[in-house]
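Structure, as structure tokens:
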Amino acid sequence: MSLTIQPISPALGAIVSGIDLGAPLDDTGQRAIEQALLEHQVLFFRDQSLEPRSQARFAARFGALHIHPIYPSVPEQPEVIVLDTAVTDVRDNAIWHTDVTFLE
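Converting from the sequence shown to the numbering used here requires adding 1250 to each position, the first position being numbered 1.
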């Protein structure tokens, strides 16, 4: 793995490359991503093709996963929700926000 972190602005955001998020992540890679997230606040992982199981496995390295109480989920991986990105579905497209932050 040749992980590269490229800042996209002085204040916020970085592009992470040189990593396949569908492959198992080792401790060194996880620490590098955690450090980049702390430093840049938003990370972009471009050109990734993740199956639901791989997405859940990657996310679980950073904390417990939650099953959303409203959005439909992937049947075989309930921690992964289905977001419709069609222009006609403003519920999923209007504004980015976090959900269920009131839960512990």
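Positions of the beta carbon are idealized from the N, C-alpha and C atoms, including for glycine. Bear in mind that the values here come from a model prediction, so they are computed numbers and not experimental data.
Anticipated Cβ contact below 8 Å, residue i with residue j, distance rounded
i: L1275; j: F1308; result: 6 Å
i: Q1285; j: R1303; result: 26 Å between Cβ atoms; not a contact.
Contact check, residue i vs residue j, beta carbons under 8 Å
i: F1288; j: A1264; result: The sequence as given places Leu at residue 1288; Phe does not occur at that position. Taking 8 Å as the Cβ cut-off, L1288 and A1264 do not qualify as a contacting pair.
i: L1271; j: Q1291; result: no
i: S1267; j: T1278; result: no
Among the options, the one whose alpha carbon lies nearest that of residue i
i: I1320; options: A1282, Q1256, A1261 and V1330; result: V1330
i: S1252; options: I1269, I1258, P1260 and S1259; result: I1269
i: I1283; options: Q1256, H1316, P1260 and A1261; result: Q1256
i: E1301; options: I1317, F1295 and V1324; result: V1324
i: F1312; options: I1258, L1262 and Q1280; result: Q1280
i: A1273; options: I1317, H1316 and A1306; result: A1306
key: Every unbroken beta strand (DSSP E) within the region 1271-1314, with a cutoff of 3 residues, ordered by chain   = 1293-1295
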